[in-house]
Amino acid sequence: QMGAEVHGISDVIPTNPSHFETAGLAEIVNHHFLDIRDFQAVREQVESIRPDFIFHLAAQPLVKKSYSHPLETFEVNVMGTGTMLEILRLADFPCVAVFITSDKCYDNVEWTYGYREEDALGGKDPYSGSKGSAELIIKSYFHSFLAHRSDTFRMGVGRAGNVIGGADWAADRIVPDCMRSWSKKEAVLIRSPHATRPWQHVLEPLSGYLVLGQKLRQELEGTGSPGRRTFNGEAFNFGPDAIQNVTVGELLQAMIPHWEGSRWEDVSESNNSGHEAGLLKLCCDKALHGLDWKATLTFEETVKFTVDWYREFYTHPGNSTRQLSTKQIQDYMDRARATGIAWANQ
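Okay, so the sequence shown: first residue is 8 according to our numbering, each after it adds one.
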């Protein structure tokens, strides 16, 4: 819709169903099936495209899977990031790169205030540890090889809070688990109802990544705001207002009125799935003041957007979801403009 020529790289289509297939994205996106750990193959593909922007989101994204497949998690999340950084180190074309990690990259000691971009990195579980490690390799490559290429390169990092929204069918995630169970009129089993997370709709951090990429591009071209400090090499948290840090149980109770007959059961006493933090908050002041970015949707709107998408999908399972997703993107943009959010009115 923005007029870009889009290329995507993935090793597989990770779920069935998948948004890639239900929305027919193969018809509008150039797609390449490659393993992000295969340096030579990915390098050849990237150099043939010579992209103006790279958004690196390739990852093993599931906490529970990181316990059953820890080495794979570190290989994909750390060395996969290293693959893209090495490609950029050797690149001979101008480029803006935005690397996406996670709010789980922080050394979470369950403070009651939000983590800031300068706080310590780390992680007790393999997934969190892999994301903290990815941040370290990004920082090392930037300062060692990329920071001095001011005439051809800019780079930033996005750290997103917990994302919900339509078109996610991953295993062991709260919303997909609910939708699968409720669509079959079954109760969903919840293992951590008291865990608190910064819930946000998937379109929120995506808007932040695009704003960060735009600011970096303006800086590269010399068209950014005069006198403003560089964004190059900087990390930014993207998350909701603090009021949207609610428990899993509260999220469930907010979804239930939107899905008739929905119910859930607390199985936390039998939870043996490994360590997962009970409290996690983000401070997004840096994105607000540096990028003029903030979240658009209220918690109630986030829940409604999410459940509405799945209800439409399960009510009309054979229909393409492209129109459904496009409409929600437009509705999201309309809300952002109506509330006067800076990035939506540029």
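Ideal Cβ placement from N, Cα and C applies to all residues, glycine included.
DSSP three-state label for histidine 150, please. Your numbering for residue 150 matches position 143 in the sequence shown. Per DSSP, reduced to three states, the secondary structure at histidine 150 is helical.
For valine 103, list the residues DSSP reports as bridge partners. What you label residue 103 is simply residue 96 of the sequence shown in a count that begins at 1. DSSP output for valine 103 lists Phe60 and Arg161 as bridge partner(s).
If you run the structure through DSSP and keep just helix, strand and coil, what is aspartate 315? By one-based count along the sequence shown, residue 315 stands at place 308. Here aspartate 315 sits in helix by DSSP.
Looking at C-beta atoms only, is the number of pairs between the segment 233-248 and the segment 292-300 that lie closer than 8 Å three or more? In this structure the segment 233-248 touches the segment 292-300; the number of beta carbon pairs closer than 8 Å is three or more.
Proximal residues to aspartate 184 (C-beta, below 6 Å), its chain only, five neighbours per side dropped: Counted from its first residue, the sequence shown places residue 184 at position 177. Around aspartate 184: Val195.
In angstroms with no decimal places, state the Cα-to-Cα distance between glutamine 330 and aspartate 338. Locating residue 330 in the sequence shown gives position 323, counting from the first residue. Locating residue 338 in the sequence shown gives position 331, counting from the first residue. Counting only the Cα atoms, aspartate 338 lies some 12 Å from glutamine 330.
Among His208, Phe60 and Phe27, whose alpha-carbon lies nearest the alpha-carbon of threonine 159? Residue numbering aside, residue 159 sits at position 152 when the sequence shown is read from its first letter. With respect to the C-alpha of threonine 159, the residue from His208, Phe60 and Phe27 having the closest C-alpha is Phe60.
Which partner residues does arginine 344 have in the DSSP bridge list? Counted from its first residue, the sequence shown places residue 344 at position 337. DSSP output for arginine 344 lists no bridge partner at all.
Three-state class that DSSP yields for threonine 203 in the structure shown: As a first step, residue 203 is located in the sequence shown; it is residue number 196 there, counting from the start. The answer is strand: DSSP assigns threonine 203 an E or B state.
On the three-state DSSP scale, how would you describe glycine 231? If you number the sequence shown from 1, residue 231 lands on position 224. Reduced to three states, the DSSP call for glycine 231 is coil.
Might you give, ordered along the chain, the residues of its own chain that have their beta carbon closer than 7 Å to the beta carbon of isoleucine 94, omitting 5 neighbours on each side? Translated into positions along the sequence shown, residue 94 becomes position 87. Correct list, in chain order: Val49, Arg50 and Val53.
For serine 327, which residues of its own chain have a beta-carbon under 8 Å away from its beta-carbon, when the five flanking residues on both sides are left out? Within the sequence shown, residue 327 is the residue found at index 320, counting from 1. Taken in chain order, the residues that qualify are Thr29, Ala30 and Gly31.
Select from Ser109, Gln251, Tyr317 and Ile263 the residue whose C-alpha is nearest the C-alpha of proline 68. For the purposes of this step, residue 68 is taken as the residue at position 61 of the sequence shown. That would be Ser109, whose Cα lies nearest to the Cα of proline 68.
From which residue to which residue does the beta strand (DSSP E) around aspartate 273 run? Residue mapping note: residue 273 aligns to position 266 of the sequence shown, counting from 1. In the DSSP annotation of this structure, the continuous segment of the beta strand (DSSP E) that includes aspartate 273 starts and ends at 271-273.
Using the Cα positions of glycine 325 and glutamate 319, report the straight-line distance between them to the nearest angstrom. Position 318 of the sequence shown holds residue 325. Position 312 of the sequence shown holds residue 319. Looking at the two C-alpha atoms, the distance is approximately 11 Å.
Which same chain residues end up closer than 6 Å to valine 310 when comparing Cβ atoms and leaving out the 5 residues on each side of it in sequence? Counted from its first residue, the sequence shown places residue 310 at position 303. So the list reads Ala261 and Met262, once near-sequence residues are dropped.
Can you say whether threonine 230 is buried or exposed, counting buried as having 16 or more other CB atoms within 10 angstroms of its CB? Translated into positions along the sequence shown, residue 230 becomes position 223. Flag for threonine 230 reads exposed.
What residue range does the alpha helix (DSSP H) around alanine 294 cover? Residue 294 sits at position 287 when you count from the first residue of the sequence shown. Counting along the chain, the alpha helix (DSSP H) containing alanine 294 begins and ends at 292-298.
Just to confirm before moving on: does the CB-CB distance between tryptophan 271 and isoleucine 181 stay below 7 Å? Within the sequence shown, residue 271 is the residue found at index 264, counting from 1. Within the sequence shown, residue 181 is the residue found at index 174, counting from 1. Not in contact: tryptophan 271 and isoleucine 181 (Cβ atoms no closer than 7 Å).
Which same chain residues, not among the five before or five after valine 218, have their C-beta less than 7 Å away from its C-beta? Taking the sequence shown and counting its residues from 1, one reaches residue 218 at position 211. Cβ neighbours of valine 218 beyond the five flanking positions: Leu298, Trp300 and Trp350.
Quick check: the Cα distance between phenylalanine 106 and glutamate 193, rounded to an integer number of angstroms? Here the question's residue 106 lines up with position 99 in the sequence shown. Here the question's residue 193 lines up with position 186 in the sequence shown. Phenylalanine 106 and glutamate 193: Cα-Cα distance of roughly 38 Å.
Look up histidine 265 in the DSSP assignment and say whether it is helix, strand or coil. For this step, residue 265 is matched to residue 258 along the sequence shown. Reduced to three states, the DSSP call for histidine 265 is helix.
If you check the beta carbons only, do threonine 119 and threonine 203 fall under 7 Å apart? In the sequence shown, counting from the first residue as 1, residue 119 sits at position 112. In the sequence shown, counting from the first residue as 1, residue 203 sits at position 196. Taking 7 Å as the Cβ cut-off, threonine 119 and threonine 203 do not qualify as a contacting pair.
Of the choices Gly256, Ser157 and Ala154, whose alpha-carbon is the least far from that of serine 275? For this step, residue 275 is matched to residue 268 along the sequence shown. Of the listed residues, the one whose Cα sits closest to serine 275 is Gly256.
Taking the straight line between their C-alpha atoms, what separation do you get for proline 77 and serine 140? Indexing the sequence shown from 1 puts residue 77 at position 70. Indexing the sequence shown from 1 puts residue 140 at position 133. So the two alpha carbons sit approximately 13 Å from each other.
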